[in-house]
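In my numbering, the protein residues as written are 72 to 246. Note that beta-carbon positions come from the ideal geometry of N, C-alpha and C, so glycine has one too. Computed from a predicted model, the values in this text were never measured in an experiment.
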Ligand SMILES: [Cu+2]
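Below you can see the structure in the form of structure tokens.
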């Protein structure tokens, strides 16, 4: 946790999340490097099928052009896949973020590399955990629907629709 690279990443993630300087993320040096360090996925001969549920996005906080989006991805076939990136129609940029504790014991957001999803359990993006940080999307309000895609290494581009809502989807079956 004390590697210089990670600390630099945390600092950059903060700048991107804080909204003070939303363009800071454009200059993130580590972005491309993160995926390059990942080992290739094993080829088990089965093309995975990813089931995406609970796809939603928060309305923009007043005066901000940054919001967060969430989903749950689960393999319905195959053993492993990897979420490379998310794209959202109309957004300038989408980053994958998570939270971690800083040296002062405070939770901070930071960017995360591509995330594996396996048949051991779902890959969950939810408030307080992993989330998509959505930059430069024209203002959305409760009740809107926003189109996007999740891009997986093996199963490819999966279209999704983000329901704009203040609260997470309530039905346990959504997850
Ligand atoms: Cu964030």
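Where residue i and residue j are concerned, what is the direct C-alpha to C-alpha distance, given to the nearest angstrom?
i: residue 28; j: residue 215; result: Because the chain spans 72 through 246 in this model, residue 28 falls outside it and cannot be assessed.
i: residue 238; j: residue 111; result: 36 Å
i: residue 197; j: residue 142; result: 7 Å
i: residue 178; j: residue 132; result: 20 Å
i: residue 200; j: residue 154; result: 16 Å
i: residue 165; j: residue 116; result: 31 Å
i: residue 128; j: residue 160; result: 13 Å
i: residue 174; j: residue 180; result: 13 Å
i: residue 123; j: residue 134; result: 30 Å
i: residue 193; j: residue 146; result: 7 Å
Any heavy atom of ligand 1 closer than 7 Å to the beta-carbon of residue i?
i: residue 202; result: yes
i: residue 238; result: no
i: residue 180; result: yes
i: residue 139; result: yes
i: residue 168; result: yes
Does the Cβ of residue i have 16 or more other Cβ atoms within 10 Å, making it buried, or fewer, making it exposed?
i: residue 119; result: buried
i: residue 157; result: buried
i: residue 126; result: buried
i: residue 227; result: exposed
Among the options, whose alpha-carbon lies nearest the alpha-carbon of residue i?
i: residue 113; options: 222, 219, 220 and 187; result: 187
i: residue 235; options: 212, 193 and 183; result: 212
i: residue 168; options: 228, 190 and 137; result: 137
i: residue 225; options: 134, 231, 195 and 189; result: 189
i: residue 163; options: 151, 206, 176 and 230; result: 206
i: residue 204; options: 170, 152, 145 and 134; result: 170
i: residue 202; options: 223, 183, 240 and 121; result: 183
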